[in-house]
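Novice: In the numbering used here, the protein residues as written are 10 to 384.
#1: Using 8 Å as the Cβ pair cut-off and three pairs as the minimum, do the stretch 59-75 and the stretch 333-349 touch?
#2: Quick one: give me the first and last residue of the alpha helix (DSSP H) that residue 298 is part of.
#3: Tell whether a beta-carbon distance below 9 Å holds between residue 218 and residue 290.
#4: Going by the beta-carbon positions, is the gap between residue 107 and residue 117 smaller than 9 Å?
#5: Taking the alpha-carbon of residue 345 as reference, which of 59, 66, 49 and 61 has the nearest alpha-carbon?
#6: Where DSSP assigns a beta bridge to residue 276, which residues make up the other side?
#7: If you compare alpha carbons, which of 311, 307, 330 and 329 is closest to residue 319?
#8: Measure the C-alpha to C-alpha separation of residue 272 and residue 207 and round it to an integer number of angstroms.
#9: In whole angstroms, give me the CA-to-CA distance for residue 293 and residue 176.
#10: Starting from the Cα of residue 167, find the closest Cα among 196, 78 and 84 and give me that residue.
#11: Just list the residues that DSSP pairs residue 170 with in beta bridges.
#12: Can you tell me the Cα-Cα spacing of residue 139 and residue 210, whole angstroms?
#13: Tell me which residue opens and which closes the alpha helix (DSSP H) that residue 210 is part of.
#14: Sort 295, 309 and 351 by Cα distance to residue 283 and report the nearest one.
#15: For the candidate residues 164, 54 and 198, whose alpha-carbon lies nearest to that of residue 96?
#16: Beta-carbon separation of residue 113 and residue 347 under 9 Å?
#17: For the beta strand (DSSP E) containing residue 98, name the first residue and the last one.
#18: Between the alpha carbons of residue 190 and residue 198, how many angstroms are there, rounded?
#19: How big is the Cα-Cα spacing for residue 120 and residue 265?
#20: Rounded to the nearest angstrom, what separates residue 353 and residue 331 at their Cα positions?
#21: Who are the near neighbours of residue 278 in its chain, counting only those whose CB is closer than 7 Å to its CB and skipping five residues on each side?
#22: At what residues does the alpha helix (DSSP H) containing residue 348 begin and finish?
#23: Is it buried or exposed for residue 93, if we count other Cβ within 10 angstroms and need 16 for buried?
#24: Where does residue 292 sit, in a helix, a strand or coil, going by DSSP?
#25: List, from N- to C-terminal side, the beta strand (DSSP E) runs of 3 residues or more that fit wholly inside the stretch 62-117.
#26: On a CA-only basis, which of 171, 222, 48 and 102 is nearest residue 86? Give me that one, please.
#27: Quick one: Cα of residue 179 to Cα of residue 188, how far?
#28: Cα-Cα, which of 286, 222 and 181 is closest to residue 237?
#29: Assuming residue 256 is part of the beta strand (DSSP E), what are its boundary residues?
#30: Please classify residue 338: does DSSP put it in a helix, a strand, or coil?
#31: Look up residue 220 in the DSSP assignment and give the residues it is bridged to.
#32: Could you tell me the boundaries of the beta strand (DSSP E) in which residue 306 lies?
#33: Residues bridged to residue 120 by DSSP?
#34: State the start and end residues of the unbroken beta strand (DSSP E) segment that holds residue 49.
#35: Per DSSP, what kind of secondary structure is residue 157 in: helix, strand or coil?
#36: What are the partner residues of residue 59, as DSSP defines its beta bridges?
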């Protein structure tokens, strides 16, 4: 018989409460990290205006951690201080740069339209993350923020209980549901355009496409059984994190969202990035080495400075910046802290872009003359 969350008996609800309490306790034992704290670059409007902020808690690895399919921990970008905000009062061409005091940092940056709330961070309860929920026939599965789901997500659980008794799903000796793979997981479904749920999730949750499979965690290979917490995402770690199927929510190559403890939530929309690390995902179709690409990715270098030139509309913007020199856990990679300056300037359109535009105009004029000559 199909059961909805409202049909689940009280005994099973007690198990849920106990498990949820354990999860909350585990979350509060995770070492504290700084949440998003902005370097404020202010408001710019006129040609020649500029602003810069220098910070000394950057790392050699924080930005690069987000380049993987499981994204990155937002706390690791400059200890939570690797975020900068600015506003434009009118359309403008801007140069955005990060200049490190040492080339060993190998800085990188990403630029977004919109700004995440101050003090936002991964897995904040204000974003409805870190909750076990009944889902799909009453299965007790870890589920992160619904807000990051792709449009029209069918919300089909890959794993479901083996069966039900009068008290709810059949439990093991530890009081957790005994799960098996959903028999419809690999079955073509007409409502999914003939795709199986497995195929639909694989097609709609590709790395850095701006959405996360917050139900099945396909990037991490599903669930595993933890003796203390039951069925959890494959990379669940109650002490050191992450507590989702993702390392965090920071995405250097795509849209991403976060909330703070006050329940303020926002989404940042990817515009461009500059890094030596190769860009991955649907926003990486266009790549240049010239510094000007809007939107797209600028192939960077392993030196102390990265820059992008972007033509932006009036509005609010966010920069995420930190190092990309390494991603391992060695002492050499994790320390020491790095110093760098992030700046934004309103500038004329770069000469190379003017030249490119003039060339296009010349070609267009030549084409028109040829058309007239053959008419």
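C-beta: ideal position from N, C-alpha, C; glycine also.
Specialist: Taking the definition as stated:
#1: yes
#2: No alpha helix (DSSP H) holds residue 298; DSSP gives it neither H nor E.
#3: yes
#4: yes
#5: 66
#6: 266
#7: 307
#8: 33 Å
#9: 51 Å
#10: 196
#11: 188
#12: In this prediction, residue 139 has a pLDDT of 38, which is less than 50 and means its spatial position is unreliable; nothing more can be read from the coordinates.
#13: 206-213
#14: 309
#15: 54
#16: yes
#17: Element bounds for residue 98: n/a, residue is neither H nor E.
#18: 16 Å
#19: 12 Å
#20: 16 Å
#21: 121, 122, 123 and 264
#22: Per DSSP, residue 348 belongs to no alpha helix (DSSP H); it is in the beta strand (DSSP E), 347-355.
#23: buried
#24: helix
#25: 92-97 and 101-109
#26: 48
#27: 9 Å
#28: 181
#29: That residue, residue 256, is in no beta strand (DSSP E); it is neither H nor E in DSSP.
#30: coil
#31: Beta-bridge pairing links residue 220 to no other residue.
#32: 305-308
#33: 281 and 328
#34: 47-53
#35: helix
#36: 354
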